[in-house]
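**Q** Pasting in a structure now, in structure tokens, and then I'll have a few things to ask.
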Amino acid sequence: MALSRVRLFQPHGEEGTRLLPQESRLVELPYSSFEDEDDTAEQDPGLWYPDPPKLSPFSHCVRYLAFLWNLLFLLLGLLTLAVGVWGLLAKSPLPGGDRGVPLSSDPMLLFVLAGLGASSVSLAGCLGAFRASPCLLRFFLGALLAFGGLEVLGGLLVLLARRRLRDALRDLLLLCLLRYQEDPDLQFLVDEVQRSLQCCGLESYRDWESNPYFNCSSPGVQACSVPASCCQDPLENGSVPNAQCGFGVLGLGAALAGAVVHTGGCGVALAVWLRGQAGAIAAGATTLVLLEAVGALLALKVLRDISAVRVWE
């Protein structure tokens with residue numbers, strides 16, 4: 001602030017200049033302005049802005065746990081994908097080879113799709129937690145919500161459409177009988193069901209007549225036969241598998257055939273087994289939902305911590 005000067009006329013006529021008493025007191029005051037305040041704020045920003053928040057040890061622990069959690073499911077997804085790809089290549093090792101079964105109806109395709117989906121979502125969760133990426137974490141949360149919604153919808157459909165599902169299961173078993181010799185995966189599945197449930201065919205062992213290879217009019221050596229998994233004693237001498245124990249069974253009467261193979265169908269036996277395993281199936285579905293919920297909560301915590309830190313940047 002510049003000091004103003006006042007011209008005074010002295011008694012002897014000499015013109016002089018002197019400071020007023022008020023102005024002399026102003027000279028003693030410290031000089032200050034808004035520019036000095038701005039300079040001080042620039043030199044010491046802590047006077048105006050608080051320090052940004054830092055992640056707590058608990059937040060760091062949650063972040064590492066989210067990474068390891070998704071890494072585990074990433075490895076499981078890759079293992080499932082490898083099993084599916086191996087199953088597809090085992091049937092047709094060369095490109096363009098004769099597979100004998102359409103790719104769209106191959107059971108191993110389910111392993112490929114399940115492994116690909118699980119590994120992709122888990123990879124997004126791993127990278128999102130490791131790189132602190134909100135975009136990947138939001139994608140991970142959205143995928144988990146979509147999977148959870150599909151699982152809930154599937155459970156409701158099972159409860160509301162039990163009869164239709166029973167008919168669909170019957171058609172699927174019949175298709176397995178018809179394509180028993182064409183698909184090694186279906187052959188393995190049918191053999192395991194018949195061997196473990198001690199049954200044969202869909203309704204009875206006579207259902208194998210619908211298979212063109214086991215029909216009595218077939219020119220092959222398996223005519224009028226059933227698979228060895230239908231036999232009551234599929235082992236010869238108690239140790240060596242007997243692949244021909246079911247030969248000629250369809251040409252025998254019911255009494256004679258009952259002494260060699262299981263004559264009851266697998267449709268009823270499978271329904272009884274599913275009813276007995278209802279508790280285990282429900283527990284498995286609940287465990288899967290809880291695992292997805294834990295993963296979602298971990299990712300949501302990490303996302304909130306990242307958002308809180310980036311607000312101060």
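Its first residue numbered 1, the sequence shown is counted upward by one per residue in full-length UniProt numbering. Even glycine gets a Cβ: it sits at the ideal position worked out from N, Cα and C.
(1) In the structure shown, what three-state DSSP assignment does Gly246 receive?
(2) Leu109: beta carbon under 8 Å from a heavy atom of the ligand ZN?
(3) Could you name the residues of the same chain whose beta carbon sits closer than 6 Å to that of Arg63, not counting the 5 residues immediately before and after it, in chain order?
(4) Assign Ile281 to one of two classes, buried (16 or more other C-beta atoms within 10 Å of its C-beta) or exposed (fewer than that).
(5) Could you pull the start and end residues of the alpha helix (DSSP H) that Val221 belongs to?
(6) Closer than 6 Å by C-beta to Ala124: which residues in its own chain qualify, once you throw out the five before and the five after it? Chain order, please.
(7) If I follow the unbroken alpha helix (DSSP H) through Arg206, where does it start and stop?
(8) Select from Ile306, Ala293 and Ala278 the residue whose C-alpha is nearest the C-alpha of Ala143.
(9) How many Å lie between Asn70 and Val85 at the Cα?
(10) Given a cut-off of 9 Å on the beta-carbon distance, is the pair Leu250 and Ser225 in contact?
(11) Would you list the residues sitting across from Pro57 in a DSSP beta bridge?
(12) Which whole-angstrom value is the C-beta distance of residue 321 and Gly267, which I expect to be below 8 Å?
(13) Is the CB-CB distance between Val261 and Gln222 below 9 Å?
(14) Buried or exposed, going by whether 16 or more other CB atoms sit within 10 Å of the CB of Gln244?
(15) Looking at the structure shown, is Val226 part of a helix, part of a strand, or coil, going by DSSP?
(16) For Asp305 and Ser59, I'd like the C-alpha separation in whole angstroms.
(17) For Leu76, I'd like the list of residues in its chain whose CB is within less than 6 Å of its CB, leaving aside the five on either flank, ordered along the chain.
(18) Count the other CB atoms, across all protein chains shown, that sit within 10 Å of the CB of Pro234; report buried if there are 16 or more and exposed otherwise.
(19) On the three-pair Cβ rule with 8 Å, is the region 179 to 195 touching the region 148 to 157?
(20) With respect to the alpha helix (DSSP H) encompassing Gly265, which residues constitute its N-terminal and C-terminal limits?
(21) From Val112 to Leu145, what distance separates their C-alpha atoms?
(22) For the alpha helix (DSSP H) holding Ser196, just list the boundary residues, first then last.
(23) I'd like the list of long-range same chain contacts for Ala228, defined as Cβ closer than 6 Å, with 5 residues on each side in sequence excluded.
(24) Return the Cβ separation of Asp185 and Pro107 in integer angstroms, given the expectation that the two are a contact with Cβ distance under 8 Å.
(25) For Gly149, count neighbouring C-beta atoms within 10 Å of its own C-beta (all shown protein chains included) and say buried if the count is 16 or more, exposed if not.
(26) Looking at the structure shown, is Leu235 part of a helix, part of a strand, or coil, going by DSSP?
(27) DSSP beta-bridge partners for Pro241?
(28) Would you tell me roughly how many angstroms separate the C-alpha atoms of Glu133 and Ser307, rounded to the nearest one?
(29) Using a 10 Å radius around the Cβ and a threshold of 16 neighbouring Cβ atoms, would you call Gly201 buried or exposed?
(30) To the nearest angstrom, report how far apart Val190 and Thr263 are at their CA atoms.
(31) From Asp167, Leu169, Gly248 and Gly220, pick the residue whose C-alpha is nearest to that of residue 351; which is it?
(32) Can you give me the C-alpha to C-alpha distance between Leu270 and Gly253, rounded to a whole angstrom?
**A** Taking the geometry as given:
(1) coil
(2) For the structure depicted, the ligand ZN is absent and the ligand set is empty, with no information on it obtainable.
(3) Ala129 and Val302
(4) exposed
(5) Neither: Val221 is in no alpha helix (DSSP H) and is coded neither H nor E.
(6) Leu136, Phe139 and Phe140
(7) Premise fails: Arg206 is in no alpha helix (DSSP H) and is neither H nor E.
(8) Ala293
(9) 22 Å
(10) yes
(11) Paired residue(s): none; Pro57 is not in a bridge.
(12) Residue coverage of the chain in this structure runs from 1 to 313, which leaves residue 321 outside it and unanswerable.
(13) Not closer than 9 Å, so no.
(14) exposed
(15) When DSSP states are grouped into helix, strand and coil, Val226 belongs to the coil group.
(16) So the two alpha carbons sit approximately 7 Å from each other.
(17) none
(18) With 16 or more neighbouring CB atoms inside 10 Å of its own CB, Pro234 falls in the buried class.
(19) Counting C-beta pairs closer than 8 Å gives fewer than three between the region 179 to 195 and the region 148 to 157, which falls short of the contact rule.
(20) Note, Gly265: premise wrong, no alpha helix (DSSP H); not H, not E.
(21) 21 Å
(22) For Ser196, the uninterrupted alpha helix (DSSP H) run begins and ends at Pro184 to Leu197, by DSSP.
(23) Pro234, Ala243, Cys245 and Gly246
(24) Confirmed, Cβ separation roughly 5 Å.
(25) Counting Cβ neighbours within 10 Å, Gly149 comes out exposed, since fewer than 16 surround it.
(26) Strand at Leu235.
(27) Leu235
(28) Glu is not the amino acid found at residue 133; the sequence shown has Ser there. Cα to Cα, the separation comes out at about 10 Å.
(29) buried
(30) 15 Å
(31) Nothing about residue 351 can be read from this structure; the chain reaches only from 1 to 313.
(32) 25 Å
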